[in-house]
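Here is the structure we will look at, set down as C-alpha cells.
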Amino acid sequence: VEPHNSFELAEAIRLVLHNRPLLPQMGRRNWEMRTQYDTETVIAQLLRILNVDAAAATEPQATEFLASKVAK
C-alpha cells in the first residue's frame, strides 16, 4: 500500500477481512519480518556498514561519537 493512498488501504483491509486463509500467511510473514528488522539486528548491520567494532561501540566515548554522527 502506497503511503497516503486511502483507497489502496481500504482495498487491502477488505482483502484481509474476506480472505481468511491469507491471515496465517500474513502472520508467518510478519514473524519473519520482525526477526529480520529486529532492533538488535538492524543496529548490528549499521555498525558493520559504518565499520564500527560493536563491542567498542558500547563504551561511553564511542556512544557519544556515534550520536554525533547520527545527529548530522
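The numbering used here puts the last residue of the sequence shown at 82; the count rises by one with no breaks.
We put the beta carbon where it would ideally sit given N, CA and C, even for glycine.
Between the C-alpha atoms of arginine 38 and serine 78 there is a straight-line separation of about 38 Å. The C-beta separation of glutamate 18 from glutamate 12 comes to about 6 Å, placing the pair in contact by the 8 Å criterion. For arginine 38, the enclosing alpha helix (DSSP H) stretches over residues 32-46. One Cα belongs to arginine 58, the other to proline 34, and the distance between them is close to 34 Å. The three-state reading of DSSP puts histidine 28 in helix, counting H, G and I together.
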